[in-house]
Each structure stands twice: as C-alpha cells, then as structure tokens.
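Below is one structure, written out as structure tokens, with a few remarks after it.
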Amino acid sequence: MSTLPSAERSANETRFRAFLDSHLEQEMLRFTTAGSVDDGKSTLIGRLLHDTKSVYEDQLASIRASRVNRSGGAVDLSLLTDGLKAEREQGITIDVAYRYFSTAKRKFIIADTPGHEQYTRNMATGASTADVAIVLIDAKAFQRAGELLPQSRRHTYIASLLRIPHVVAAINKMDLVDYSAEVFDKISAEFAALAKRLGLKSVEVIPVSALAGDNVVEHSTNMGWYRGPTLLEYLETVPLTIREAADGPLRFPVQLVVRPNAEFRGFAGRVERGEVRAGMRVKALPSGRVTTVKSIVTYDGELSVASFPLSVTLELEDEIDLSRGEMLIGENQNAPRVSSAFRAMVVWMHEQPLVAGQTYLAKHTTRTVRAAARRIAYGVDIQSTEQRECSQLQMNDIAEVEFDTSLPLFFDAYAANREMGALILIDPVTNATVGAAMIIDAVEPLGKSATQAAGAVFVWLRGLPDEAVALRDALRSSGRAAVIVDDPLIPEASLPGVVRALQLVDVKAISARPSLGASTVAAIQEVAGEGYIESLEGASKCLDGSSNSRETQ
Amino acid sequence: MLYSIGKDSSVMLRLAQKAFYPGKIPFPLLHIDTSYKFPEMISFRDSYAKEIGAELIVHRNEAAIADGASPWKLGTQNCCGALKTRSLLDALEEGGFDAAFGGARRDEEKSRAKERVYSFRDAAGQWDPKNQRPELWSLYNSRLRKGESIRVFPLSNWTELDIWLYLYAEQIPIVPLYYAEDRLAVIRGGMITLVHEGMRLLPGEKPELMKVRMRSLGCVPCTGAIRSEAETLPEIIEELIGFRRSEREGRAIDHDEEGSMELKKREGYF
Chain B
17 MSTLPSAERS
27 ANETRFRAFL
37 DSHLEQEMLR
47 FTTAGSVDDG
57 KSTLIGRLLH
67 DTKSVYEDQL
77 ASIRASRVNR
87 SGGAVDLSLL
97 TDGLKAEREQ
107 GITIDVAYRY
117 FSTAKRKFII
127 ADTPGHEQYT
137 RNMATGASTA
147 DVAIVLIDAK
157 AFQRAGELLP
167 QSRRHTYIAS
177 LLRIPHVVAA
187 INKMDLVDYS
197 AEVFDKISAE
207 FAALAKRLGL
217 KSVEVIPVSA
227 LAGDNVVEHS
237 TNMGWYRGPT
247 LLEYLETVPL
257 TIREAADGPL
267 RFPVQLVVRP
277 NAEFRGFAGR
287 VERGEVRAGM
297 RVKALPSGRV
307 TTVKSIVTYD
317 GELSVASFPL
327 SVTLELEDEI
337 DLSRGEMLIG
347 ENQNAPRVSS
357 AFRAMVVWMH
367 EQPLVAGQTY
377 LAKHTTRTVR
387 AAARRIAYGV
397 DIQSTEQREC
407 SQLQMNDIAE
417 VEFDTSLPLF
427 FDAYAANREM
437 GALILIDPVT
447 NATVGAAMII
457 DAVEPLGKSA
467 TQAAGAVFVW
477 LRGLPDEAVA
487 LRDALRSSGR
497 AAVIVDDPLI
507 PEASLPGVVR
517 ALQLVDVKAI
527 SARPSLGAST
537 VAAIQEVAGE
547 GYIESLEGAS
557 KCLDGSSNSR
567 ETQ
Chain G
19 MLYSIGKDSS
29 VMLRLAQKAF
39 YPGKIPFPLL
49 HIDTSYKFPE
59 MISFRDSYAK
69 EIGAELIVHR
79 NEAAIADGAS
89 PWKLGTQNCC
99 GALKTRSLLD
109 ALEEGGFDAA
119 FGGARRDEEK
129 SRAKERVYSF
139 RDAAGQWDPK
149 NQRPELWSLY
159 NSRLRKGESI
169 RVFPLSNWTE
179 LDIWLYLYAE
189 QIPIVPLYYA
199 EDRLAVIRGG
209 MITLVHEGMR
219 LLPGEKPELM
229 KVRMRSLGCV
239 PCTGAIRSEA
249 ETLPEIIEEL
259 IGFRRSEREG
269 RAIDHDEEGS
279 MELKKREGYF
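Chains as they are written, first to last, in the working numbering: chain B, 17 to 569; chain G, 19 to 288.
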C-alpha cells in the first residue's frame, strides 16, 4: 500500500471507510436448522458456508484429509459443523452448535440443532432466538413414505410454538428424485396444509440439493421449473421483525442500580420492548410510582431516545424505590399483566419429570421468583400436534401448565412479545435449567390457603369440616391429591400411620377433628416435619366463599 | 474478568466499561502470566489497566516456572496445562471467584462452537459438554452451589471480523504486535517465530528481518506471526477479508491431535 501514489491511496482509503461503515450497519439474521440425522442438515450448512466462501483453506484441507466421509460426494461438508468428538464418531449432531457467516447483504448466525427425537429441548433452545427456521424435508424419504415424516412435522410445530417469525421448508435431496417438479409440488402442498393448521404466517418452500449445490447459493440449472429464490437469497431478503418489538409499549426491566457516587443514581437495563425518551413519563412496577426520565446515559454520551434492544442507564427525576427485578413502563401506554398466577406452554428439558405440586424457580426478565406447578392442563402429542391427557412431563414433553408464583410477575403474552412472555424454570436444589415456558395469559390466583397447603403433608383445620372439604377440592383442582382422614373407621391412634402411608404415595391428609391428643400430634409432626400445618390464613372464612355457616361439631 | 491482553479481551473490557458506565468496572481483571508472553503485551497490560483505573491481578504458576516448565521440555499440551489451566484454576480459587468473564468466541474452533454463554464448570473447574444448561432467549441461569463456577463468554456470537470492526469503530488501543512491522524472526517448524531475549536458536537458524504481525497473541514460542503489510486497523481488516486461513492456525496447541481443544476444555482450560 505504501507504494501507491498518494492520490490513489486516499481514494482507496475513502472507499475502504465506506465499506467499513456499511459493514458496521449490517443487519444480522439468526436462523435455526432442524433436521433428522439423514436429512442432510450438516451438509446443507456446510454448503452454505462453503459456497459463501466462509470456510478457511486450512479447515477445508483438514476435512479433505479426514478419514471420515459419509457424504457420497467429493468432500464431506457435514464435517465442517459436527464439532464434538462423540459426534464425529457417531455421525450425529448432539447439541446446539452455532455458526457464523456473512455476505455483502447480511450477517448470519446459524443455530444448528439436532433432529433426534430426544433432543426437542435443543431444538427449542435454538428456536428461541431465531428469526427464521429452516425445516429440512428429505424428498426421497417423502416419496418412500408418501407423507411428511414425523420429524418434519415436529420441527414445524416447534417453530410455531417458539414463534419463529418465518419458516422455510428446504426440500432436500432433489437430485435423488430426478429434480421432479411433481414430487416438489406434492411436498409443498402437504407442507402448506401443515403450516396453515399451525397458524404460521410467513412460509416459503424451496427445492434444493445440499450435496450437489442446487438452489442453496447458486440457482439450479437442473430445476428450470422453479422460479423462486435460492435459499441464500431468501435469507438475505426476508424482513426482520426487530421493528415490531421497538414499536410496542415500553418495557424496561431493571438489571442493576448504578450508584458511582452520591450525586448519581441510575437504572441500568435493556429496553425489551418499545422505546424510552428523555422527558417521558414512566411508571415503576410494582410500586405504581410515576416519574419522568431525566436522561438516558451511555458511555458514548446522552441519548434522547433508546429503543429495543438497546442497553442503557436511565436517570429519573424523582428518588423512587426501584431495584433489580422491577420494571419501568410508559405511564399512558398499555400495561403488562401483573399476576402471581399464569398458564404457559412448557417444553420440559430434564430427566426429572415435572409433576403438579412441584416448586421451581422461574426466571422472567430480570426477576426470579418461586413458581409452583398447579396443574397440567393438557399435553401435546408432538407427532399429531393434538392435545392429550398428561399427568407428568417427561424430558422433551410439551404441555400447557398453570403456575402460582411467590411474587407477581409483570408480563405480556409470549405471542405478543417474546422477551416479555418467556421464562426459564430452574430446579431449586440442583440449579439445573429444567424447562422453558411461554406465557399464554394470567389465571385466577389460587386461594391463599391452597397455596400455603401446597407443601403440606398433614393439615389440621380444627373443627372446620367445610373448610377441609373446600381445601381438598382446591388442592385436587390444582393437580394435588388430598383426602380427609376423619372417617370413623380411622381411630385417632391410627392417624399417624395413615398420614405416613398417604405421604408415601404423595397424598395430602386433611383433618377437621375438633381435638387431637398431644401424643398423636407429636407423632404426626414427626412424620410430616415441616409439612405439618395447623392453621391456614383465611381458612376460617373458607377458601372460595362457597361455604355457609354450618355449625361445627 | 480474565484479561489476556489480546484483541478480544480489549473488546470485552470496553463492553464492561460501557455496561457499568458511569460507574467503574466492579470486578478486577485477572491475567494468567505464563512468563512466556511477549514483553510488549506486559507493558501494554500495565499501562492500559492504569489508564482506565481497573484493578489488575496477575497470577503465575511460580512453582512450575521455577521448575523450568517450557513447551520444549513438557510439550505444548503439558506446558499449557501447567502454566495456563492449572494457574487459572488456582487463581480463581485463591480469589474466591465463582464467575469469570472470558473473551472466547464460538467461531474460533469447532468445540467452542457448542460452548454456552454461561459455561458451567463443576467443583474441579471442568467442562462437560453433555451436562451444559440449555440457554433460551436471553435468560441465563447463573445459579451455583458452593465450589461450582461459571465462565461467562459475552463475545460468544462475535466473529473475528466483528472484533476488528469494533476495535476500529471504537478506536480501542491494542498491543502494537498486531500491526505489521519489520521484526527479527526465524522460521521454525513452518511457523514464523519472533526472536526474543534469551531465546536459544537451533542449529542452522539465522534470524532475518521480516515484515510481519501477530494475528492472535499467545506465548512467544507457540504463537506464529504472519507476513503482512497491514500497518493500520483498516489495512488489517482489508487483509482479513482476503484471508483464507483461520486465525487459530498459527496456534500450536490446537493441532496437537484431532479434538485437542475439546480435551483441554474438559480439563478446565479457558
């Protein structure tokens, strides 16, 4: 460069700065790929990376030299993405892997997720942040089966469940069906029907051959009948939905109170929805206090406006009580739901199943609360996407579940806004992330006493038989087994043994006996430990107001 | 925050400054010094930490260094194990740190492509790729039991090009070794190795002046330079776009055997 004449050099520099600036402004699109072992997913990604010249020579040389080649092609492009040792050995992708490439138009992040049945959780993980889902459909396998394979339906369902804005079906292995327009049309029609049933709004279908390179980056010369975009063209032009989130009402969950000195107190966080302006009237949740945004502070100077997904520090006019886990919203805008009970679609991600009555930690925006699973409303059969009976959630199961939380959450429906409707469930003992939940709506909070009785083994509502019945029914409706142990055939002396037997089968015992001997109480306490509850707040007024004033014994 | 003095660390540091502004970074920087770092790195580290007012902790595995640990004596795997991995685990334990930021990126290496943003380590500091917590949306599970720790990789989704563009856009200072200059070097095992004080030349090696720069900074004996004319950030970026070889190619540790980075990470490597 130093050998160039100075005029040419400065022209070069100007051009280069323009290039840099355009790169800094470049849009980013995240997409997820789902496919089963033989759909050729890794080959497709390898093809995208290879044909966009995103593979380095040394990487290419290393896969050329590899002893493994399962592809049937000259170079096994799937080796570019199969990262971990176990995968290289077994020939399957076992976790979510992220890949990066860019073209002149956009930058891309690929979440490459496995298609194995037991790995629904990984697919959901990749889908949670994706703008586009690529569902791979093996044309040859379709021809053989005469219908979409279960995994293709499953992937499409998960894309709809996680609300990925755009779904594109890549009909792969077209080379193995003689590039037949007829086969493609049949698959397209089936896929369109599925997409319609699942309520997908933006759907595209593209015939490709990842192995041969047809319609991935380059237009195919083998399918003159196809006039649509190549897969890459589609990815480069599909509209991003970032604007939608920025157009909604303000949601600013506080991450951190910044207090560098006595003069400054600011609230740091990310604008999760909408925009905030200096001078805007805002309301704090849960306090309901209203104040004005004094300034939007950043390292690069003050801003007059900040919108999703910018992270900023807000300085407020008034000293109000506000801390991590709380939220600022626009005073005159749509408020989020504020509730300590909600129903949500749950993807279960752990070997230990979810059962009604279990308590988890729920992390929602910057707030972490205790959440008890009240009831499993129904499970989803992931093959047929129809509802089914469900008493517990095994790993990779999907169900609608109702939860009660220890503190209210401030949320929007996941369908309206991903950030404000999503939460993760954490096991409070092992700290494992056990589930992902997408809020549908608030539900009526449980009666206070039923919530309190959630962890009970034995509840003694001394001389309150109606309340005992109401409590039993409330517990049952929340999916917890409970019985009243005041049957005349159970003498008091047997009560501790009965309570113990019920405890072993996870059934709560309730008694309204007017009196119990001290030794009986001690024996029950020994059995029940902290699950011994003698009085419940509000129990005497009854749980749902349905009781009348029948005389107690 | 694990601070390696490299370009990625420099970006991560700037992000931290921004995140806590107008407050200061509320945690110390930790540098694991193998004693084989380029002298330019050490002087840059000390002056820059001072300039931005950050607390700096430097940790060395003095016992192993006194024992003469070196890649020639132990091989690169074991040398890294002693001077980096062991040293890092000791430093984290000594400081009582249960979380540490690192500047690793998923695009660097195949096994890193599966790394979580919050990478969970058991009580021995080890990584089990089959026992990682799923990460959905931007909701991270940071809960730990005693003895467990988390490495947090905020640059997970950045590419090498992103890093350089950001350094340029933010005008962030970096170690001058990244810029091309005439430097004395020898070619050893196909790698351009910079000549430094106390280095023993092998028979037949004659140091030559070459116009080179470092694409990635590590230890002197194990990090190769590349021939380059790029003297400014825009020139580096231009060169990078034309590159057809990956940045870790010049790092000996990744190539010891197939899957070597994954093995190191399982043991507790950064």
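We treat Cβ as the ideally placed atom computed from N, Cα and C, and that holds for glycine.
Close partners of I442(B) in chain G (Cβ separation under 8 Å): N159, R161. Considering only Q144(G), T52(G), L33(G), I70(G), the residue with the shortest C-alpha distance to A84(G) is T52(G). Listed as beta-bridge partners of M217(G) by DSSP are no residues whatsoever. Every unbroken stretch of the beta strand (DSSP E) spanning 3 or more residues and falling wholly within the segment 374 to 461 of chain B is given here in chain order: 375 to 380, 383 to 397, 402 to 404, 414 to 427, 438 to 442, 449 to 458.
Proximity to V221(B) across E249(B), E331(B), V459(B), M343(B) peaks at E249(B), based on C-alpha coordinates. Among the CB atoms of chain G, one or more fall inside 8 Å of the CB of R434(B). Unbroken alpha helix (DSSP H) runs of no fewer than 4 residues, entirely contained in the segment 197 to 236 of chain B, are found at 197 to 213, following chain order. Between E153(G) and chain B, the shortest Cβ-Cβ separation is below 8 Å. The residue among R267(B), L441(B), E405(B), V521(B) with its C-alpha nearest the C-alpha of T421(B) is L441(B).
By the neighbour-count criterion, in which 16 or more other beta carbons inside 10 Å mark a residue as buried, G121(G) falls on the buried side. For V313(B), the neighbours in chain G by C-beta distance under 9 Å run, in chain order, Y39, P40.
Less than 8 Å separates the beta-carbon of F324(B) from that of A262(B). At a cut-off of 8 Å, the C-beta of S58(B) has no neighbouring C-beta in chain G. The bridge partners DSSP lists for K229(G) are D200(G). Taking 8 Å as the upper bound for CB-CB distance, T382(B) and P302(B) are not in contact here, some 14 Å apart. In chain order, Y116 make up the part of chain B whose C-beta sits under 7 Å from the C-beta of T177(G). Out of S58(B), I258(B), A149(B), the CA that lies nearest to the CA of A432(B) is found in I258(B).
In the same chain as A294(B), and ignoring 5 residues on each side of it, the C-beta atoms closer than 8 Å to its own belong to V309, K310, S311, I312, E318, L319, S320, V321, in chain order.
With a threshold of 8 Å between beta carbons, P147(G) makes contact with chain B.
Taking 8 Å as the threshold, the shortest C-beta distance from K25(G) to chain B does not fall below it. In the three-state reduction of the DSSP assignment, R63(G) falls in the helix class. Under DSSP, P269(B) forms a beta bridge with M343(B).
In this structure, DSSP gives L532(B) a state outside helix and strand, which the three-state scheme calls coil. Nearest Cα to K123(B) within the set T172(B), Y135(B), H39(B): H39(B). Residue contact check for E73(G) against chain B: no CB pair falls below 8 Å. Cβ atoms of R404(B) and Y394(B) come within 8 Å of each other, at about 7 Å. The Cβ neighbour count for S168(B), taken over all protein chains shown within 10 Å, is at least 16; the residue is labelled buried. For the pair L425(B) and H366(B), the CB atoms are not nearer than the 8 Å cut-off. Here the C-alpha atom of R286(B) lies approximately 16 Å from the C-alpha atom of P40(G). Non-local beta-carbon contacts of Q42(B) in its own chain, meaning distances under 6 Å to residues more than five positions away in sequence, involve K123 in chain order.
Residue pairing by DSSP places R115(B) opposite I126(B) in a beta bridge. Cβ neighbours of R134(G) within its own chain (closer than 7 Å, five residues either side excluded): Q150, R151, E153. For E223(G), not one C-beta of chain B is nearer than 8 Å to its own C-beta. Counting along the chain, the unbroken alpha helix (DSSP H) around I258(B) starts and ends at 258 to 263.
When the beta-carbon positions are compared, L152(B) and L266(B) stay at least 8 Å from each other. For a Cβ distance threshold of 7 Å, residue set G99, A113, Y114, R115 of chain B lies close to A131(G), ordered along the chain.
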